[in-house]
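Residue 112 in this note's numbering sits at position 112 of the sequence shown, and the numbers go up by one each step. What follows is a single structure, written as structure tokens, with notes after it.
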Amino acid sequence: QNDMVGRVQRLAPLFEQNMQRLVEMHPCIKQYRSIGLFGCFDVHEVEGTNPKLQHEQAHAAFLKYKKAYAENGLVGLHRYPHIHCAPPLNITEEELIDGFDRLDRSLYVLDEALGYSQDEEDVASC
């Protein structure tokens, strides 16, 4: 009934699909890595460089993203230029999808704040 390991194993492919989906949809995301239900996105700027390191003052664009993230009802760990994804292990499939949809809406704010155009033909290659 409370088979957390089994739940993680069942949901991990869906988690990975959604991580990949967000990389493909948002030019501000350079890449991701994940294992089970834990993942991390790497943010990069328009010129392809990594933004300020986590120990430096947060970039103004990231502050806008964090505000949108909270307004979308999400709580999480941010160590700019990284965005961590670590939902509770008892999450349902529907809740996982909803969480990624909320993150998707938040990432549009980061795309815009970093100067990426949503009209670019191939945003995934940025």
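Backbone N, C-alpha and C fix where the C-beta goes; we use that ideal spot for every residue, glycine too.
Member of the options whose CA lies at the smallest distance from the CA of residue i
i: E112; options: G39, M25, P88 and N18; result: M25
i: R105; options: E95, Y69 and H84; result: Y69
i: Q31; options: E47, I83, N90 and G6; result: I83
i: V5; options: I35, G39 and N18; result: I35
Inter-residue spacing [alpha-carbon to alpha-carbon] between residue i and residue j
i: A60; j: V75; result: 19 angstroms
i: Q9; j: E45; result: 34 angstroms
i: S117; j: L22; result: 16 angstroms
i: Q17; j: N2; result: 24 angstroms
i: K33; j: F41; result: A small fix is needed here, since residue 33 is Arg in this sequence, not Lys. Distance between the alpha carbons of R33 and F41: 7 angstroms.
i: K66; j: P27; result: 17 angstroms
Three-state class that DSSP yields for residue i in the structure shown
i: G6; result: helix
i: Y65; result: helix
i: S117; result: coil
Spatial neighbours of residue i in its chain, beta-carbon cut-off 7 angstroms, leaving aside the 5 residues before and after
i: P87; result: L37, L96 and G99
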